[in-house]
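Each step along the sequence shown adds one to the number in the working numbering, with nothing skipped, and position 219 is 236. Backbone N, C-alpha and C fix where the C-beta goes; we use that ideal spot for every residue, glycine too. Before any comments, here is the structure.
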Amino acid sequence: MGDNQNLLAEQRRALILDEVRRRGGVRVNELTRKLNVSDMTVRRDLDALAHQGVVEKVHGGAVPVAEASTHEPGFEAKSSLEQGAKEAIARAAAAMVVPGSAIALSGGTTTYALAHHLLDVPDLTVVTNSVRVADVFHAGQRRGGVSAQSAARAGAATVVLTGGVRTPSDSLVGPVADRAIRSLHFDVLFLGVHGLSVEAGLSTPNLAEAETNRQFVRSARRVVVIADHTKWGTVGLSSFATLEEVDTLVTDAGIPQVLRAEISEHLADLVVAGEPDAPGPAPDEPADM
């Protein structure tokens, strides 16, 4: 891992999590040597990762949480994780949206954060299978005190919500959703994921959601995955796309350099939100809402 003395805490923890998942467990003394930090720092990092529920502390080290590949957390549980990272990713992704375009937003808490940043982008057509995302646009119109017809004339988004069966994360999936998405074509798909890795690509614990996401990918001219650094190395039950099918990955500054190099070997475009070359406002500037 090299000399990581100056890594930010989030970057250091991402490296630790990657090491735990790849090796099936690590010892504290191994991490202190590899990361060039104190024993106390490593233990604090392991405490933080254990609090997030991604590792289990054992005597002298940590092991991966024995979470089934079919486990799917609910929307509220996922919303509480990595909120700052999701907000930074949402700002960077919103800067990629062109007024008047047709876009798709899959289900997930990061696409939900993105939806809030799209309320003032004029003349969008938004296709989504997320009840939560659709509610963001509906609530935005209600706060403006306009009807759906008036909103359309004023340049507010036209939202197409697919039918389907609701998942624990409030996405609509299954044959009804698949048929609706298959008949449409959109300029950009913003796709949230349960996990991504070199070997498994993009994956989810929900088989029906995997098929719905496949239809999303097939119907999009451009695929943008929006995922915080903790999703890297996570593998769900069903893969639905390879990394090579992704045009852009938007992630956060918690992703370590060693992982960035690995990701860049498989992706055409990696955007790290909050860094100088990322789209949108700098971290200390207010977003233009």
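Spatial neighbours of residue i in its chain, beta-carbon cut-off 7 Å, leaving aside the 5 residues before and after
{"i": "Ala237", "result": "Ala121, Phe203, Val205, Leu206"}
{"i": "Asp264", "result": "Arg239, Val240, Val241, Ala285, Asp286"}
{"i": "Ala111", "result": "Leu131, His134, Leu135, Gly297"}
Rounded C-alpha distance that separates residue i from residue j
{"i": "Gly291", "j": "Ile280", "result": "18 Å"}
{"i": "Thr247", "j": "Ala31", "result": "7 Å"}
{"i": "Asp152", "j": "Val82", "result": "34 Å"}
{"i": "Lys74", "j": "Asp62", "result": "11 Å"}
{"i": "Arg60", "j": "Asn46", "result": "10 Å"}
{"i": "Ile198", "j": "Val176", "result": "13 Å"}
{"i": "Thr179", "j": "Val150", "result": "12 Å"}
{"i": "Val242", "j": "Gln158", "result": "27 Å"}
{"i": "Arg277", "j": "Leu287", "result": "8 Å"}
{"i": "Pro116", "j": "Thr49", "result": "49 Å"}
{"i": "Gly101", "j": "Ala225", "result": "30 Å"}
Status (buried if at least 16 other CB within 10 Å, exposed otherwise) for residue i
{"i": "Arg38", "result": "buried"}
{"i": "Met57", "result": "exposed"}
{"i": "Ala130", "result": "buried"}
{"i": "Arg231", "result": "buried"}
{"i": "Ser55", "result": "exposed"}
{"i": "Gly172", "result": "exposed"}
{"i": "Gly209", "result": "buried"}
{"i": "Ser186", "result": "buried"}
{"i": "Glu261", "result": "exposed"}
{"i": "Gly77", "result": "exposed"}
{"i": "Arg29", "result": "buried"}
{"i": "Gly124", "result": "buried"}
{"i": "Ser255", "result": "buried"}
Rounded distance between the beta-carbons of residue j and residue i, thought under 8 Å
{"i": "Leu135", "j": "Val114", "result": "6 Å"}
{"i": "Ser214", "j": "Phe257", "result": "In fact, because the Cβ distance is near 13 Å, the residues do not count as touching under 8 Å."}
{"i": "Thr184", "j": "Val193", "result": "About 13 Å; that fails the 8 Å criterion."}
{"i": "Ile106", "j": "Leu66", "result": "Going by Cβ atoms, the distance from Ile106 to Leu66 rounds to 20 Å, so no, they are not a contact pair."}
{"i": "Arg146", "j": "Ser188", "result": "Note on residue identity: the sequence assigns Asn, not Arg, to residue 146. About 5 Å; that satisfies the 8 Å criterion."}
{"i": "His211", "j": "Thr251", "result": "7 Å"}
{"i": "Ala109", "j": "Leu141", "result": "With 8 Å as the limit, Ala109 and Leu141 do not qualify as a contact, their Cβ atoms being about 17 Å apart."}
{"i": "Asp245", "j": "Gly218", "result": "No, Asp245 and Gly218 are not in contact; Cβ-Cβ is about 18 Å, not under 8 Å."}
6 Å CB neighbourhood of residue i in its chain, flanking five on each side removed
{"i": "Val80", "result": "Gly42, Glu73"}
Cβ-heavy atom distance, residue i to the ligand ADP, below 7 Å
{"i": "Glu47", "result": "The ligand ADP is not part of this structure, which contains no ligands at all."}
Identity of the residues DSSP links to residue i by a beta bridge
{"i": "Phe203", "result": "Ala237"}
{"i": "Val150", "result": "BP columns for Val150 are empty, so no partner."}
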